[in-house]
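The structure appears below as structure tokens.
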């Protein structure tokens with residue numbers, strides 16, 4: 001993708017290198033630095049020292065920030081994510097403006113380890129996620145390495161994941177997410193709940209395609225092979241592919257995100273049409 005030298009988003013909340021603890025206050029940066037210096041001199045673990053300081057503080061500490069130097073590769077991934085988020089802001093702002101509406105863009109939180117959101121505490125093991133309660137996209141950059149391990153390397157594969165999570169934001173601010181949750185509460189079986197979840201995920205795939213369509217028209221971002229990277233990523237994270245990789249038999253009723261074929265189909269629908277209206281999976285079916 002042609003992403004370098006493009007605008008970066010101002011809506012990035014970089015929480016990498018932070019830890020989550022219990023309580024209400026937090027140790028100051030000066031205290032943390034002193035602890036690190038003492039640790040270097042004495043050979044002790046700085047985390048042990050910090051833990052003792054938190055206990056002396058009456059257990060009131062909330063978050064300890066330990067400075068961590070990011071590798072060039074990590075920083076490049078962070079810069080890339082910021083550019084892609086900025087591009088989604090431009091595209092969806094234009095689409096909403098055509099409908100006479102203002103687009104309330106989400107914030108993207110970059111984290112490692114665990115993260116606190118309005119939806120609870122999650123670890124990076126859950127993968128990227130969107131929290132409707134705080135309208136934020138949460139992304140651990142380690143997921144990009146997992147994509148490569150799943151056979152989906154490349155910039156556009158990563159961009160597709162971000163576009164998909166922003167797609168969930170679109171569902172939230174347009175009321176789709178709330179409506180689907182109501183339907184799920186009324187569902188008579190787990191299978192029906194899962195089917196509704198699949199339709200939600202496929203629509204988010206389609207919205208990712210709509211973004212990519214317009215991003216390429218506006219900024220000429222896609223290079224030869226990029227579309228294939230995105231489609232390969234969609235196929236790699238289909239429920240059937242993941243079940244096979246885990247050594248399990250394919251169980252369609254357990255699908256929550258859609259099959260590889262379905263995910264490719266709906267990402268491609270958005271890519272080819274560029275039309276928000278073309279993504280109504282609930283009317284058209286999976």
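Numbering (the numbering used here), first residue to last: 1 to 286.
Beta carbons are placed, not taken as given, at the ideal position from N, Cα and C, and that holds for glycine.
Predicted model, so just to flag it, every value in this text is computed and none were measured.
Would you kindly report the start and end of the unbroken beta strand (DSSP E) that includes residue i?
{"i": "residue 138", "result": "136–139"}
Bridge partners of residue i, per DSSP?
{"i": "residue 292", "result": "Only positions 1 to 286 of the chain appear in the structure, and residue 292 is not among them; the question remains open."}
{"i": "residue 262", "result": "None; residue 262 has no bridge partner."}
{"i": "residue 85", "result": "DSSP lists no partner for residue 85."}
{"i": "residue 117", "result": "120"}
{"i": "residue 129", "result": "138"}
{"i": "residue 110", "result": "14, 139"}
What whole-angstrom Cβ distance do residue i and residue j have, given they're in contact under 8 Å?
{"i": "residue 138", "j": "residue 96", "result": "That belief does not hold up - the Cβ atoms of residue 138 and residue 96 are roughly 23 Å apart, past 8 Å."}
{"i": "residue 255", "j": "residue 1", "result": "At roughly 30 Å, the Cβ-Cβ gap does not stay under 8 Å, so residue 255 and residue 1 are not in contact."}
{"i": "residue 334", "j": "residue 15", "result": "The shown model of the chain, from 1 to 286, leaves out residue 334, and the question about it has no answer."}
{"i": "residue 151", "j": "residue 232", "result": "7 Å"}
{"i": "residue 218", "j": "residue 90", "result": "7 Å"}
{"i": "residue 250", "j": "residue 244", "result": "7 Å"}
{"i": "residue 84", "j": "residue 159", "result": "5 Å"}
{"i": "residue 145", "j": "residue 109", "result": "In fact, because the Cβ distance is near 19 Å, the residues do not count as touching under 8 Å."}
{"i": "residue 208", "j": "residue 167", "result": "5 Å"}
{"i": "residue 235", "j": "residue 263", "result": "7 Å"}
{"i": "residue 253", "j": "residue 194", "result": "7 Å"}
Starting from residue i, trace the alpha helix (DSSP H) both ways and give me its first and last residue.
{"i": "residue 196", "result": "190–219"}
{"i": "residue 230", "result": "226–236"}
{"i": "residue 241", "result": "239–245"}
{"i": "residue 156", "result": "155–173"}
{"i": "residue 282", "result": "281–284"}
{"i": "residue 183", "result": "176–186"}
Candidates the options: which alpha carbon is nearest residue i's?
{"i": "residue 92", "options": "203, 215, 3, 263", "result": "215"}
{"i": "residue 280", "options": "174, 246, 213, 11", "result": "174"}
{"i": "residue 210", "options": "10, 269, 129, 242", "result": "269"}
{"i": "residue 206", "options": "249, 78, 258", "result": "258"}
{"i": "residue 79", "options": "10, 17, 89", "result": "10"}
{"i": "residue 127", "options": "277, 71, 147", "result": "147"}
{"i": "residue 88", "options": "106, 240, 264, 115", "result": "106"}
{"i": "residue 163", "options": "245, 197, 201", "result": "201"}
{"i": "residue 204", "options": "119, 121, 276", "result": "276"}
{"i": "residue 129", "options": "104, 161, 150", "result": "161"}
{"i": "residue 133", "options": "113, 124, 119, 144", "result": "119"}
{"i": "residue 116", "options": "104, 103, 251, 131", "result": "131"}
{"i": "residue 265", "options": "252, 248, 247, 284", "result": "284"}
{"i": "residue 75", "options": "227, 246, 140", "result": "140"}
{"i": "residue 177", "options": "224, 198, 191", "result": "198"}
{"i": "residue 18", "options": "113, 240, 196", "result": "113"}
{"i": "residue 225", "options": "170, 194, 179, 153", "result": "153"}
{"i": "residue 169", "options": "121, 98, 103, 221", "result": "103"}
{"i": "residue 196", "options": "220, 121, 282, 125", "result": "282"}
{"i": "residue 165", "options": "278, 98, 267, 5", "result": "267"}
{"i": "residue 229", "options": "239, 220, 242, 212", "result": "212"}
Within 7 Å: the Cβ of residue i and any heavy atom of the ligand FMN?
{"i": "residue 282", "result": "The ligand FMN is absent from the structure shown, which contains no ligand whatsoever."}
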